[in-house]
Amino acid sequence: MHSLGILLSGRGSNFVAIADSIDAGRIAGARIAVVVSNKADAPGIATARQRGLNALVIPSRGRPREEHDREVVAALKQHNVDLVCLAGYMRLLSLWFVQQFPQRILNIHPSLLPAFPGLEAQEQAFAYGVKVSGCTVHFVDEELDHGAIVVQKTVPVLDTDDEHTLGVRILEQEHIAYTEAINVVLGRDFEIAGRRLRRSSQKSEGRRQK
Ligand code: GRF
């Protein structure tokens, strides 16, 4: 049984999507061992408590990054977490944190990286005038929105869209993409060369087609 640790700072809809996928059997052989928020008032942490999950608040405000990271990692290890899922966690992880879970930390970002990293990616994409945007689930390294890409989903930008409607459609895809990415990682269905992640299953399908 895999133990997931969820880190969040806000609403928590990606966390809920992951929890729902586990409950519905779309992610098999996994449980959420702990949900950690760096903000006491994050709605996501209240939801975690309502769902009967272990929910911890480890405040980050005014604390050196690595000191806070050490406390978070201690909590994750105490709960035997083997996959960390950042779900709207508004903190950059220290290199030390990343090294504690090699290829075992995922993040979701609401754009097609490397376009529009950072805050308000949906608004950035809309204002830029792109015709296609989407979301990215990627491994986390010590750079913002940067590690190897696991799953991307595209979303067309419609002429009738505004930032909000685009953001809503991207979020729908985020919830699908995160489940898919977790299954890839937990199933060890991948290999990485440089920045390129290839799914082992798709590679063998490709071979069969030849
Ligand atoms: C999502 O758009 C995610 O891509 C970004 O932060 C937002 C979190 O939303 N990293 P939620 O808290 O999961 O609802």
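By our numbering, the letter at position 92 of the sequence shown is numbered 94, and the numbering carries on one by one without gaps.
For every residue, glycine included, the Cβ atom is placed at its ideal position computed from N, Cα and C.
Model, not experiment: these values are computed from the prediction.
How far does the alpha helix (DSSP H) with residue i in it extend, from its first residue to its last?
i, result
"Gln105", "Looking at the DSSP string, Gln105 is not in any alpha helix (DSSP H), and its letter there is neither H nor E."
"Gly46", "45-52"
Of the choices the options, whose alpha-carbon is the least far from that of residue i?
i, options, result
"Gly46", "Asn16, Asn185, Ile60", "Asn16"
"Asp147", "Asp25, Leu95, Thr49, Ala21", "Leu95"
"Phe192", "Ile151, Leu173, Ile172, Val18", "Ile151"
"Leu55", "Val18, Val187, Leu85", "Val18"
"Leu188", "Phe141, Asp163, Gly64", "Phe141"
"Tyr91", "His177, Ser23, Ala44", "Ala44"
"Gln52", "Glu68, Gly14, Ala77", "Gly14"
"Leu115", "Ala129, Gly149, Arg93", "Gly149"
"Asp163", "Gln175, Glu176, His177, Ala129", "Ala129"
Can you tell me whether DSSP reads residue i as helix, strand or coil?
i, result
"Arg72", "helix"
"Ser20", "Looking at the sequence shown, residue 20 is not Ser but Ile. Ile20 falls in the helix class under three-state DSSP."
"Ile172", "helix"
"Glu165", "helix"
"Val83", "coil"
"Glu144", "coil"
"Ser5", "strand"
"Leu10", "strand"
"Leu78", "helix"
"Leu94", "coil"
"Lys212", "With a pLDDT of only 46 at Lys212, under 50, the local geometry of the prediction cannot be trusted, and the value read off the model is given with reservation. It is coil, neither helix nor strand."
"Leu88", "strand"
"Ala26", "coil"
"Leu114", "coil"
"Ser15", "helix"
"Arg65", "coil"
With respect to the beta strand (DSSP E) encompassing residue i, which residues constitute its N-terminal and C-terminal limits?
i, result
"Pro158", "151-158"
"Val37", "32-39"
"Gly120", "Careful: Gly120 lies outside any beta strand (DSSP E) and carries neither H nor E."
"Ala42", "No beta strand (DSSP E) contains Ala42, which DSSP labels as neither H nor E."
"Arg198", "198-201"
"Val134", "134-141"
"Ile194", "192-195"
"Ala57", "57-59"
Enumerate in chain order the residues of its own chain whose CB-to-CB distance from residue i is below 6 angstroms, with the five nearest sequence positions on each side excluded.
i, result
"Glu144", "Leu97, Val100"
"Val153", "Val139, Ala179, Glu182, Ala183"
"His70", "Ser62"
"Val83", "Ser5, Gly7, Ala35"
"Ala127", "Ser113, Phe118, Ser135"
"Ile24", "Ala32"
"His177", "Ala19"
Can you name, in chain order, every residue of its own chain whose Cβ lies under 7 angstroms from the Cβ of residue i, other than the five neighbours on each side?
i, result
"Glu125", "Glu165"
"Val59", "Ser39, Ala42, Ile47"
"Val75", "Phe99, Gln102"
"Glu68", "Ser96, Trp98"
Kindly list the residues whose CB is nearer than 8 angstroms to the CB of residue i, restricted to its own chain and excluding five residues on each side of it in sequence; keep chain order.
i, result
"Ile20", "Leu6, Ile8, Ile29, Ile34, Cys87, Ala89, Tyr180, Thr181, Ile184"
**Message:** Counting beta carbon pairs with one atom in the segment 194-205 and one in the segment 162-179, are three or more of them shorter than 8 angstroms?
**Reply:** The way I'd put it, the segment 162-179 doesn't touch the segment 194-205; fewer than three beta-carbon pairs between them come closer than 8 angstroms.
**Message:** So, does the segment 108-124 touch the segment 29-40, judging by three or more C-beta pairs under 8 angstroms?
**Reply:** No, because fewer than three Cβ pairs between the segment 108-124 and the segment 29-40 fall closer than 8 angstroms, the two stretches do not touch.
**Request:** Taking 8 angstroms as the threshold, find out whether the segment 35-42 comes into contact with the segment 188-201 through three or more Cβ pairs.
**Result:** No: fewer than three Cβ pairs fall under 8 angstroms.
**Item:** Segment contact flag, the segment 157-164 with the segment 129-136, C-beta cutoff 8 angstroms, min 3 pairs
**Value:** Contact between the segment 157-164 and the segment 129-136 is present, with at least three C-beta pairs closer than 8 angstroms.
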